[in-house]
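S.K.:
Numbering (my numbering), first residue to last: 1111 to 1441.
#1: What residue range does the alpha helix (DSSP H) around residue 1351 cover?
#2: For residue 1409, does the count of other Cβ atoms within 10 angstroms reach 16, so buried, or fall short, so exposed?
#3: Take residue 1236 as the anchor and find which of 1313, 1259, 1171 and 1315 has the nearest alpha-carbon.
#4: What separation, rounded to the nearest whole angstrom, lies between the Cα atoms of residue 1338 and residue 1350?
#5: Find out if the Cβ-Cβ distance for the pair residue 1153, residue 1184 is shorter than 8 Å.
#6: Any idea if residue 1405 is buried or exposed, counting beta-carbon neighbours within 10 angstroms, 16 or more meaning buried?
#7: Would you mind giving the Cβ-Cβ distance between residue 1262 and residue 1226, rounded to the nearest angstrom? I have them listed as a contact below 8 Å.
#8: What's the C-alpha gap between residue 1400 and residue 1420?
#9: Could you pull the DSSP bridge partners for residue 1154 from this structure?
#10: Report all residues from its chain with a CB closer than 6 Å to the CB of residue 1182; omit the five preceding and five following residues, and keep chain order.
#11: Which same chain residues end up closer than 7 Å to residue 1269 when comparing Cβ atoms and leaving out the 5 residues on each side of it in sequence?
#12: With a Cβ-Cβ cutoff of 8 Å, do residue 1178 and residue 1328 count as a contact?
#13: Of the choices 1368, 1398 and 1397, whose alpha-carbon is the least far from that of residue 1385?
#14: Thinking just about the alpha-carbon of each residue, which of 1205, 1157 and 1356 is nearest to the one in residue 1188?
#15: Just checking my contact of residue 1169 with residue 1121 at CB under 8 Å: how many whole Å lie between their CB atoms?
#16: Mind checking who residue 1172 pairs with in its DSSP beta bridge?
#17: Using three-state DSSP, classify residue 1299 as helix, strand or coil.
#18: Less than 8 Å separating the beta-carbons of residue 1212 and residue 1315?
#19: Counting pairs of Cβ atoms below 8 Å between the segment 1280–1291 and the segment 1343–1359, do you hit three or more?
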């Protein structure tokens, strides 16, 4: 009979039993000392343009550390003619990322556009404390929501945000291949020819030509990445995504235009422009209320004085009438 050991690994590897400190002499005990081993063979390969086309050796049939992002599986001997392998870029991940970016931009654009164009119900006015107390919590919440509608209609700050966003998305990125230096070059536009005026006015983007985007990603993925993500100390030379982030940051940072105006969510905004305006108006209201109270007090005193004078006049008039009656003998 035969006792056969088969290695589970490929390549030119001898079978070893035990560790370097093993003293069990297993091979000797089994009569295998000096047995013949049929050692496997390493894979020998060469790739044009890699390491000058020189032959390389691998103990496995999977080559994954030679061409970045590519793994080769060797199944058979190819001979002198070799094999032709065509490698294409996987555009699915990049397309998904670009689509998500466009969707996020469109969401912001639609919100800003809707707020700028909401119609205000001018019949609704701010409620006094007495009017608020007279309403149930549900009715008060509903009224306040209705009152907020249209408050930002035509707002100059929001118009500026929208304008900067649209300008960024339609801009050219310097330093990128002229074939791919704008979103329209890779099939991303505000809509195909014939799109509705409303869609164009909103300013949302869409991948109107998926074929152009896929072709661009396959042609030169690095240049498409630069179109979105090129870094620079100059905002005007940044990629579209970086530039948009920089533009929005100018509005939302701690000393940005929006933050200065309305403050930051969850943070005390006593220094925001709106809070200052509210404080100023409240102070003016308090001042006017004090003036009205002072005026009311003066009028009440004046009224009391006039009332006293009127009473005295009536008394004098009555006395004068009695005297006159006595002088005329009651005639």
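For every residue, glycine included, the Cβ atom is placed at its ideal position computed from N, Cα and C.
M.R.: Here's the rundown:
#1: Position 241 of the chain shown, counted from the start, is the residue given in the question as residue 1351. From DSSP, the alpha helix (DSSP H) with residue 1351 extends over 1350–1362.
#2: Residue numbering aside, residue 1409 sits at position 299 when the chain shown is read from its first letter. So residue 1409 ends up on the exposed side.
#3: In the chain shown, residue 1236 corresponds to position 126, counting from 1. The shortest C-alpha separation from residue 1236 is found at 1259.
#4: Taking the chain shown and counting its residues from 1, the one referred to as residue 1338 is at position 228. Taking the chain shown and counting its residues from 1, the one referred to as residue 1350 is at position 240. Taking the straight line joining both Cα atoms gives about 5 Å.
#5: Counted from its first residue, the chain shown places residue 1153 at position 43. Counted from its first residue, the chain shown places residue 1184 at position 74. Yes, the Cβ-Cβ distance between residue 1153 and residue 1184 is below 8 Å.
#6: Looking up residue 1405 in the chain shown gives position 295. Exposed, because fewer than 16 other Cβ atoms sit within 10 Å of the Cβ of residue 1405.
#7: Here residue 1262 corresponds to residue number 152 of the chain shown, with the count starting at 1. Here residue 1226 corresponds to residue number 116 of the chain shown, with the count starting at 1. Correct: roughly 7 Å between the Cβ atoms.
#8: Along the chain shown, one-based indexing puts residue 1400 at 290. Along the chain shown, one-based indexing puts residue 1420 at 310. Straight-line Cα distance between these residues: approximately 30 Å.
#9: Taking the first residue of the chain shown as position 1, residue 1154 is located at position 44. Residue 1154 is bridged to 1167.
#10: Within the chain shown, residue 1182 is the residue found at index 72, counting from 1. 1173.
#11: Here residue 1269 refers to the residue found at position 159 when the chain shown is read from its first residue. Correct list, in chain order: 1226.
#12: What you label residue 1178 is simply residue 68 of the chain shown in a count that begins at 1. What you label residue 1328 is simply residue 218 of the chain shown in a count that begins at 1. No, the pair does not count as a contact, with Cβ atoms beyond the cut-off.
#13: Residue mapping note: residue 1385 aligns to position 275 of the chain shown, counting from 1. Per the Cα distances, 1368.
#14: The residue given as residue 1188 occupies position 78 in the chain shown. Answer by Cα proximity: 1157.
#15: Locating residue 1169 in the chain shown gives position 59, where the first residue counts as 1. Locating residue 1121 in the chain shown gives position 11, where the first residue counts as 1. Yes, residue 1169 and residue 1121 are in contact; Cβ-Cβ is about 3 Å, under 8 Å.
#16: Residue mapping note: residue 1172 aligns to position 62 of the chain shown, counting from 1. In the DSSP assignment, residue 1172 forms a beta bridge with 1183.
#17: By 1-based counting over the chain shown, the position of residue 1299 is 189. Residue state, collapsed to three classes: strand.
#18: Numbered from its first residue, the chain shown carries residue 1212 at position 102. Numbered from its first residue, the chain shown carries residue 1315 at position 205. Going by C-beta atoms, residue 1212 is nearer than 8 Å to residue 1315.
#19: Cβ pair count under 8 Å is three or more, so yes.
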